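Read in order, the letters of the sequence shown correspond to residues 60 to 424 in our numbering.
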Amino acid sequence: MRSARRAALGAVLALAALAVGAGPAAAAGKNAVYTSSNGAAGNQVLAFDRAGDGSLTPAGSIATGGNGTGGGLSNQGALALTKRGRFLYVVNAGSDSISTFSVRPSGLELAGTTPSGGDQPISLTVHRGLLYVLNAGSGTISGFTGARGGDLAALAGSTEPIAGAGSAQVQFSKRGNVLVVTNRATNTIDTFLVDADGTPGPAQSQPSEGDTPFGFDFDKRGHLIVSEAFGGAPGASTVSSYSLDASGLLSAISPSVPDNEAAACWIEVTKNGRFAYTTNTGSGSISSYAIAPGGSLGLLDQVAAATGAGSAPTDLGLTASSRVLFALLPGTGQMAGYRVAANGGLTLVDQVSGVPASATGLVAR
């Protein structure tokens with residue numbers, strides 16, 4: 060019965076793809092920022108044109124051909140761009156699928172939808188031709204080939220169970236030889252060695268340095284930078300850094316460096332590896348950290364940016380140059396853009412409306 064339902068769902072999604080994929084509907088140009096609505100009655104990608112200084116202009120929306128959940132997913136990585144920005148991938152957590160968009164000069168065009176290989180996909184990661192998805196509902200990761208060309212195909216033998224619970228994000232390491240998953244409910248981090256054929260080994264579960272490990276990113280030297288929300292307790296949030304060896308084992312470098320804010324959840328690291336930013340959802344702020352060449356962390360600014368009362372900042376996204384940082388503010392239905400100074404400081408450039416409370420994921424190009 061379950062396979063029949065999935066087959067029927069696949070047919071519906073295919074028809075939806077034909078219906079909405081006839082032409083671009085989100086008309087953002089070469090420089091754009093994308094998020095997803097996560098709408099239960101139909102997920103959409105919301106596009107914003109961005110100027111060089113980070114100012115934003117809403118540029119329309121386009122249906123994904125799938126459904127969201129209509130609420131928060133407690134995740135990072137709901138959208139992913141390929142390295143050269145030719146394709147955008149989006150999770151449909153309410154209909155267990157992944158949408159593929161061609162990124163054209165005139166905007167986005169839906170290329171199709173693919174079953175995610177599990178229940179409730181919430182996070183994606185792309186490395187060269189491989190895409191992996193975290194299916195939180197079934198507690199698994201699953202892989203796909205064809206990511207570089209926008210033609211996803213399920214990779215046989217790639218589905219593996221997660222050892223922890225309450226997973227928030229999946230991401231490839233810098234070299235692409237390890238997949239990492241954070242587990243909020245069990246305070247653990249899982250790593251999976253990726254074989255030459257692209258399939259992962261079993262999960263290696265390791266304790267997190269702090270409670271409620273959530274979002275993460277890698278610096279340019281491959282150090283893992285992880286936010287720790289400590290269950291949202293006031294003033295308790297921290298960020299830890301780790302080294303990751305070839306066997307997938309983690310070693311703490313800077314354990315649980317506090318930012319003295321509430322619910323540090325999302326993380327973004329600049330391309331030069333010097334700075335990390337985390338949104339503090341419970342206290343309406345963004346904190347900044349300095350990253351040393353060896354991966355050690357130091358709090359740079361407890362409140363690098365105040366996002367406003369009730370803003371509940373979530374996802375972050377940097378431009379390729381790391382000169383502009385964008386933040387999703389679903390609590391007030393907005394997106395903000397900040398200029399990044401050479402010393403890591405943030406200056407608000409723009410704040411625009413048009414973001415639903417259910418929005419999730421953020422990427423910039």
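Note that beta-carbon positions come from the ideal geometry of N, C-alpha and C, so glycine has one too.
Bear in mind the structure is a predicted one, so any value in this text is a computation, not a measurement.
Between the Cα of P429 and the Cα atoms of T116, G369 and V237, which residue gives the shortest distance?
Outside the shown range of the chain, which is 60 to 424, sits residue 429, and nothing can be said about it.
Based on Cα-Cα distance, which residue from T173, T245 and G281 lies nearest to N236?
G281
Spatial distance of G119 from G144 (CA atoms):
19 Å
Is R145 helix, strand or coil when you go by DSSP?
Here R145 sits in coil by DSSP.
On the DSSP bridge assignment, give the partners of F275 in chain order.
V285
Helix, strand or coil: which one does DSSP assign to A400?
Looking at A400 - three-state DSSP - the assignment turns out to be coil, as it is neither helix nor strand.
Mapping DSSP to helix, strand and coil, what is G376?
strand
Identity of the residues DSSP links to A386 by a beta bridge
Beta-bridge annotation (DSSP): A386 is paired with L375 and A395.
What residue from G307, G136 and T391 has the CA that sits closest to A262's CA?
Selection G307, G136 and T391 evaluated against A262 yields G307 as nearest (Cα-Cα).
Give me the Cα-Cα distance between S95 and V149, rounded to the nearest whole angstrom.
8 Å
Which residues in the same chain have their Cβ closer than 6 Å to the Cβ of V285, if we skip the five residues on either side of it in sequence?
P272, F275 and S299
By how many angstroms is the C-alpha of A137 removed from the C-alpha of F277?
17 Å
Other residues of its chain near D304: CB distance less than 8 Å, five sequence neighbours each side excluded:
S310
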